[in-house]
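Novice: Structure provided below as structure tokens; questions to follow.
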Amino acid sequence: SERYLKHVYLSNWIGTKSTKAVLITISQKPLIMKACHLLIISVELFAK
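Numbering (my numbering), first residue to last: 9 to 56.
Now the structure itself:
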């Protein structure tokens, strides 16, 4: 999961034709990250 997040973050997918496909793939399963072990960051937080 951490490796997947790193690869998505480092890839140049924003602005490409596959942006929609990446967003659909990411939204298929819940994605939760923790920032400094304090704040839970989810896809829903970024979508708002």
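In this text, a Cβ means the ideal position worked out from N, Cα and C, and glycines have one as well. On a predicted model such as this, the values are computed, not experimentally measured, just so you know.
Taking the CB atoms as reference points, tell me whether valine 16 and isoleucine 32 lie closer together than 9 Å.
Specialist: no
Novice: Check whether chain D comes within 9 Å of lysine 28, counting only Cβ atoms and requiring the distance to be less than that.
Specialist: Annotation note: the requested chain D is absent from the structure, which comprises a single protein chain.
Novice: Which first and last residues belong to the alpha helix (DSSP H) in which alanine 14 is found?
Specialist: Here residue 14 turns out to be lysine, not alanine, going by the sequence shown. If you look at lysine 14, you'll find it in the alpha helix (DSSP H) that goes 10-18.
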